[in-house]
Amino acid sequence: MENEDLITKLLSWYHVFKRDLPWRKTSDPYEIWLSEIILQQTRVAQGLPYFERFIEAYPKIEDLANAAQEDVLRHWQGLGYYSRARNLHACAQFIVQELRGNFPKTYKELLKLPGVGPYTAAAIASFAYNEKVPAIDGNVMRVLSRLFGIRSDVKVPKNQRTYFELGLSIMPADRAGVFNQAMMEFGALHCTPANPGCRECPVQSGCFAFEHNLQGELPVRSKAKKVKNRYFNYIVFFQDENLYLNARGPNDIWQGLYDFYLVETKEAGTPELIEKDPVVRHVMNKGGILESVSATRKHLLSHQRIQATFFVIELKEEHLSKTLFNAGLQEFSKEKVEKLPKPVLIDNFLKDLTVC
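Spelled out as structure tokens, the structure:
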């Protein structure tokens, strides 16, 4: 199939079947950048309400830059991959403080922004400025692999250059942005990972995978990493109507979010097992009362399966709060806890908590 024929058919399909999405109605690089960060590893249906809430809370990049990171994380709560939120905030601050609030206008300059990689830079450059640069995401690699019979593993970073060069070779210089949108949408809605719509495909006649019945084998993807089981035993200390939580530190999941005192074990926790922890043992020896033990709650991350049990312990002596402060915990009212950024696992547990 000639490139011009491919372009015409894909753009025709796009104009008929594209979804009505707010970031497609603007050339504002801030809104485009925001949508792309939110949609990384997130379905459009899930990401759309987050985009709308962010635009309402931070209508301009200056608003986002000037926000407290805790507030940004709170607005992000539930999307996962929280490093994206921290990078989003850092990038906004960089643009406001170092670039006087002006987004770079070329692909090469956009790549210099914190947390902005080749795909995001290409998306902004093409959608906002119509620069001829292909935005290569998973959907686009799948379409290119099937159309042209590319067997380079899409999970291997160095192979993305192959897809980049191929995408660049077929995209029209005068319609770069809309062509990128069409390729991405075609992969998301039509040339899907399973059960692609091959019988009604507008580019069926030029598709290598269709001709050789290789839709199930292309694109080539290396096996995902093995999922690791982790056993989290959360100790929910409370006194009167106040709860004790701490902000999670670096080098692990959920950095900057708040959770309860954590005792991680190699197997499912029991009251006897958690009392081996010195803080828990001290509290229990000073009259702490174990009010309840939850059923195990499972929470699946990309490469980790969290199996969490919540042990709710009431403090009877006021001086025990000093022990918890020394362990890094902070005391919060229930109203303040609701406003803290928290993992969904913690937020869901709190909705069921009735003892305080």
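Taking the numbering used here, the leading residue of the sequence shown gets 541, the next gets one more, and so forth. For glycine and all other residues, C-beta sits at the position ideal for the given N, C-alpha and C.
Where E854 is concerned, the enclosing beta strand (DSSP E) starts and stops at 844 to 854. Under the three-pair Cβ rule at 8 Å, the stretch 609 to 629 counts as touching the stretch 793 to 803. Here V673 is buried. Its C-beta has 16 or more other C-beta atoms within 10 Å. In the structure shown, the three-state DSSP call for H839 is strand. For L783, same chain residues with a beta-carbon under 6 Å away, outside a window of 5 residues either side, are F872, V877 in chain order. DSSP places S685 in the helix class (H, G or I) of the three-state scheme. The residues R624, L628, in chain order, have a CB closer than 6 Å to that of I577 in the same chain once the five nearest residues on each side in sequence are set aside. According to the DSSP secondary-structure assignment, A787 is paired through a beta bridge with Y798. Exclusion of the five residues before and after H843 leaves K765, V767, K768 as the residues of its chain whose Cβ lies within less than 7 Å of its Cβ. Looking at the DSSP output, R770 sits in a beta bridge with I846. Contact between L604 and A632 holds: their C-beta atoms lie close to 4 Å from each other, under 8 Å. Put simply, the backbone Cα of N888 is about 33 Å away from that of G657. In the three-state reduction of the DSSP assignment, E875 falls in the helix class. Per DSSP, the beta bridge partners of L830 are I853. Within 10 angstroms of the beta-carbon of F865 lie fewer than 16 other beta-carbons, which makes it exposed. Following the DSSP letters along the chain, one finds I710 inside the alpha helix (DSSP H) bounded by residues 700 to 710. Ranked by how close their Cα comes to the Cα of Q755, the residues V683, R715, V694, D693 have V683 in first place. Between A867 and T849, the CB-CB gap reaches or exceeds 9 Å. In the three-state DSSP reduction, Q581 falls in the coil class, being neither helix nor strand.
Taking E831 as the centre and dropping the five residues before and after it, the same chain places the C-beta of V852, I853, E854, V895 closer than 8 Å to its C-beta, in chain order.
Cβ-Cβ separation between V636 and E592: approximately 22 Å, too far for a contact (criterion under 8 Å).
It is roughly 30 Å from the alpha-carbon of G655 to the alpha-carbon of L802. Looking at the DSSP output, T805 shares a beta bridge with Y771. Rounded to whole angstroms, P811 and N735 show a C-alpha spacing of 48 Å. Within the DSSP secondary-structure output, N782 pairs in a beta bridge with Q779, S873.
Taking a cut-off of 8 Å on C-beta distances, the stretch 696 to 711 does not touch the stretch 635 to 649, as fewer than three cross pairs fall below it.
By the 16-neighbour rule on beta-carbons within 10 angstroms, I664 is buried.
Straight across, the Cα-Cα distance linking V743 with L551 is about 11 Å. Going by beta carbons, L785 and F800 fall inside the 9 Å limit.
For a cut-off of 8 Å, the C-beta gap from I710 to N543 is around 5 Å, short enough to register as a contact.
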